[in-house]
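Going by full-length UniProt numbering, the residue at position 148 of the sequence shown is 148; the numbering climbs one at a time, nothing skipped.
For each residue, glycine too, the CB sits at the ideal point set by N, CA and C.
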Amino acid sequence: MFNHCNHGSWHTRCYGAALRFNRGPKWSTSTWQDITNTIPGYHFDKLFTERQLALENNNIIKSKPEIKSSRWKRKMASVKEGNTKKARMHYGNQSIQVEEDITKSELEEKKTIFMKKNYNLELSHIKEIEKHTKLQLTSASWMNERKKRLTASNFGLVYKRNPKIPVTPLVNSLLYSTFKGNKATRFGLREERVTIQEYIQQKAKQKVKLKVENMGLVDEEVQFLGASPDGKVIDEHNEGLIEIKNILHNKVMTLLQATSSIKTFCLEKNNNELKLKKTHNYFYQCQGLMNICKLPWIDFIVRTTNLYDINIEGIYRDSVLWEQNLLPKLKAFFLNAMLPELTHPRHNKYPGIREPGRRITHEWILEDRCKNWFKGLVLSVLKKSDGDVNAVYEIKYNGEDDANEVEHKELLEDYRNSS
Numbered sequence: 001m002f003n004h005c006n007h008g009s010w011h012t013r014c015y016g017a018a019l020r021f022n023r024g025p026k027w028s029t030s031t032w033q034d035i036t037n038t039i040p041g042y043h044f045d046k047l048f049t050e051r052q053l054a055l056e057n058n059n060i061i062k063s064k065p066e067i068k069s070s071r072w073k074r075k076m077a078s079v080k081e082g083n084t085k086k087a088r089m090h091y092g093n094q095s096i097q098v099e100e101d102i103t104k105s106e107l108e109e110k111k112t113i114f115m116k117k118n119y120n121l122e123l124s125h126i127k128e129i130e131k132h133t134k135l136q137l138t139s140a141s142w143m144n145e146r147k148k149r150l151t152a153s154n155f156g157l158v159y160k161r162n163p164k165i166p167v168t169p170l171v172n173s174l175l176y177s178t179f180k181g182n183k184a185t186r187f188g189l190r191e192e193r194v195t196i197q198e199y200i201q202q203k204a205k206q207k208v209k210l211k212v213e214n215m216g217l218v219d220e221e222v223q224f225l226g227a228s229p230d231g232k233v234i235d236e237h238n239e240g241l242i243e244i245k246n247i248l249h250n251k252v253m254t255l256l257q258a259t260s261s262i263k264t265f266c267l268e269k270n271n272n273e274l275k276l277k278k279t280h281n282y283f284y285q286c287q288g289l290m291n292i293c294k295l296p297w298i299d300f301i302v303r304t305t306n307l308y309d310i311n312i313e314g315i316y317r318d319s320v321l322w323e324q325n326l327l328p329k330l331k332a333f334f335l336n337a338m339l340p341e342l343t344h345p346r347h348n349k350y351p352g353i354r355e356p357g358r359r360i361t362h363e364w365i366l367e368d369r370c371k372n373w374f375k376g377l378v379l380s381v382l383k384k385s386d387g388d389v390n391a392v393y394e395i396k397y398n399g400e401d402d403a404n405e406v407e408h409k410e411l412l413e414d415y416r417n418s419s
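Here you go:
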């Protein structure tokens, strides 16, 4: 007997397979006889004779039409992954088709038509949308309007996005995600009304009488941005918002314990108080909600039931952060990355979703005094402003994997005057 798991066993198995193919199931006995010039023993010969007979009988049975048919049915019934709807989506013309993109002028025309149709709405129409989207996740209208907009829950992802990373993964998740919730999100939605009642009770203890109303999708000024707060708070003196996060449902700890044990937790300890991190996506979500809804404050509520704990933090609107930092990046991302895909989709088509950026062509004189033309994509302005003599641009040239930092003064017929 040979151990076919030792060193050199791969070759041994190959040789054994070749001998069986050439000499049949009884190859072992015939090879024994050729090499040793002796007849194999009775039991040795009987074993391989029985194997050959079993193989012949098995082939006869398998050749019957009814057996072939049932075997095919069993095989197809067991193929679960390859026959799913999701698996079939990735096959067909789109997966292999190399489809040229439309021209820049055609794309611009389509974008203009799409903008006029969806984001040039009268105030009365906007109010109507808000009225019909108050139920949020249970509203089909809310889902349809949300698909066409960049919403506050994604503002942090866009604002903190590394410009060196392609936009395709983020655009895919925003426009084509099939995520319909998990255990954590279902828990949060289930507990939302309870949390609102506890919030009202907490405020009542502070002698503050208020009511919380549902709100829908609001986008009165920049209509491709959306905001769906968990509620509008109306008290005796003013109005504000609430945003609720029911979290830690599967962890036995308080919110304070979570700040020290969970690195990505949204809260941090600050002067013996729990505060929302100003670098967390929830902070940018809150700022987006307030600025789009034009309300001065929001009560950010974090609650856990295992162990029970609740934290209510009042956050005020930061118009400077919104106007100078958040809004410009959100506009640029939507207009340059999302809008082209909404207008003329490239999803599941080669070469794929378009990468935004300004294409330039400029001439450089190399060390050997030869003039070469370079083509690339301007990803961002790293320092100063566009056109400033001290500006520094981030440019990804054709055929190169990494982006380059290029100073304004290094460019001949630079960023402003290039194609």
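- Per DSSP, reduced to three states, the secondary structure at Asn246 is strand.
- The three-state reading of DSSP puts Ile312 in strand, counting E and B together.
- Rounded to the nearest whole angstrom, the CA to CA distance from Lys211 to Thr168 is 42 Å.
- In the assembly as shown, Asp34 is an exposed residue. Its beta-carbon has fewer than 16 other beta-carbons within 10 Å.
- One alpha carbon belongs to Arg346, the other to Ile353, and they sit about 5 Å apart.
- Pairing Pro356 with Asn336 gives a Cβ-Cβ distance under 8 Å.
- With respect to the 8 Å criterion, Arg23 and Ser30 are classified as neighbours on the basis of their beta carbons.
- Ile39 and Lys62 have their alpha carbons spaced roughly 34 Å apart.
- Taking one beta carbon from each stretch, the segment 241 to 254 and the segment 182 to 192 have 3 or more pairs nearer than 8 Å; the two touch.
- Secondary structure remark: continuous beta strand (DSSP E) runs of at least 3 residues inside the UniProt domain "YqaJ viral recombinase" (142 to 292), in chain order: 210 to 213, 231 to 235, 239 to 246, 267 to 270 and 273 to 276.
- With fewer than 16 other Cβ atoms inside 10 Å of its own Cβ, Arg71 counts as exposed.
- Counting C-beta pairs closer than 8 Å gives fewer than three between the segment 301 to 310 and the segment 99 to 118, which falls short of the contact rule.
- CA-CA distance, Ile126 to Gly226, rounds to 11 Å.
- Taking the Cα positions, Ser260 is about 23 Å away from Glu243.
- Taken through DSSP and simplified to helix, strand or coil, Glu99 comes out as coil.
- Inter-segment contact for the segment 157 to 167 and the segment 196 to 215 is absent: fewer than three beta-carbon pairs are separated by less than 8 Å.
- In this chain, Arg23 is not harboured by any beta strand (DSSP E); it is covered by the alpha helix (DSSP H) spanning Ser9 to Arg23.
- Residue pairing for Arg303: DSSP places it in a beta bridge opposite Asn246 and Ile310.
- Of all alpha-carbon atoms in Ile395, Asn398 and Pro340, the one lying nearest the alpha-carbon of Lys148 is that of Pro340.
- With contacts defined by Cβ atoms closer than 8 Å, Leu377 and Lys396 form a contacting pair.
- If you check the CB distance, Lys245 and Tyr284 do not come in under 8 Å.
- A Cβ-Cβ separation of about 6 Å places Leu295 in contact with Glu239 under the 8 Å criterion.
- About 6 Å separates the beta carbon of Glu405 from that of Val392, a gap short enough to meet the 8 Å contact definition.
- Taking Leu174 as reference, the option from Thr279, Phe155, Lys263 and Lys164 with the minimal CA-CA separation is Phe155.
- In terms of Cα proximity to Val208, the closest of Gln197, Glu191 and Glu236 is Glu236.
- Residue pairing from DSSP places Val406 in a beta bridge opposite Tyr393.
- In this structure, the straight-line span from the alpha carbon of Leu382 to that of Glu400 is close to 19 Å.
- With respect to Ile298, Leu255 sits apart: the two C-beta atoms are not nearer than 8 Å.
- Inclusion of Glu313 and Leu289 in the CB contact set at 8 Å is not warranted, their separation being larger than that value.
- Beta bridge pairing from DSSP links Ile298 with Leu241 and Ile315.
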